[in-house]
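Written below as structure tokens is the structure these notes are about.
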Amino acid sequence: INGNSDDSGISGATVTHSCIAGGAAGEGNVDADPGFVDAAAGNYRLGAGSPCLDAGAPGPVPATVDVDGQPRVMGAAVDMGIDERPSPDLDGDTVVDAADLAALLSQWGSCLLCAADLDEDGAISSTDLAAMLAAWGR
């Protein structure tokens, strides 16, 4: 909803766990810049510092995968929107370690929809490596 100016047809709707410019009453709503990766270029995925990460509605979600076909919950909770920010725990063993680093390095370079594309910019690069190292051991 953030950035949309036409709210016709939603009168009386209950909105929760959403990013709404100007704010809205409702549990878990955020009134902040969603922190997209590159909105000007059409990349509306959530960036690393987004307040919408792990801020979606608690409990089960209707889809088990996101718009890219990746697992829907990759952090502490589901992200707002239709895309989950990838986790640096590439093997899903709950710790970022050498196995994850090996997986990232094996995907190095241009790679669309690769699990190791932690910043979702279409390439496995030093920014993905930095994100992984920042989460090392967790």
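Taken in order, the sequence shown gives residues 3 to 140; the numbers are from this note's numbering. Every residue gets a Cβ at the ideal spot worked out from N, C-alpha and C, and that includes glycine.
*So, helix, strand or coil for S128, using DSSP?*
Secondary structure of S128 (DSSP, three-state): helix.
*S108 in three-state terms, based on DSSP*: For S108, the three-state secondary structure derived from DSSP is helix.
*Thinking D33 and G25 are a contact (beta carbons under 8 Å), I'd like their distance in whole angstroms, please.*
About 4 Å separates the two Cβ atoms, so the contact holds.
*For D80, which option in L92, V63, G71 and D95 has the closest C-alpha, if you only look at C-alpha atoms?*
The sequence given here places Val at residue 80; Asp does not occur at that position. It is V63 whose Cα lies nearest to the Cα of V80.
_Please state the DSSP three-state secondary structure of L103._
Of the three classes helix, strand and coil, the one that applies to L103 here is helix, per DSSP.
*L120 - DSSP class collapsed to helix/strand/coil*: DSSP places L120 in coil when its eight states are reduced to three.
*Going by other Cβ atoms of all chains shown within 10 Å of its Cβ, with 16 needed for buried, is I84 buried or exposed?*
I84 is classed as exposed because its beta carbon has fewer than 16 other beta carbons within 10 Å across all chains shown.
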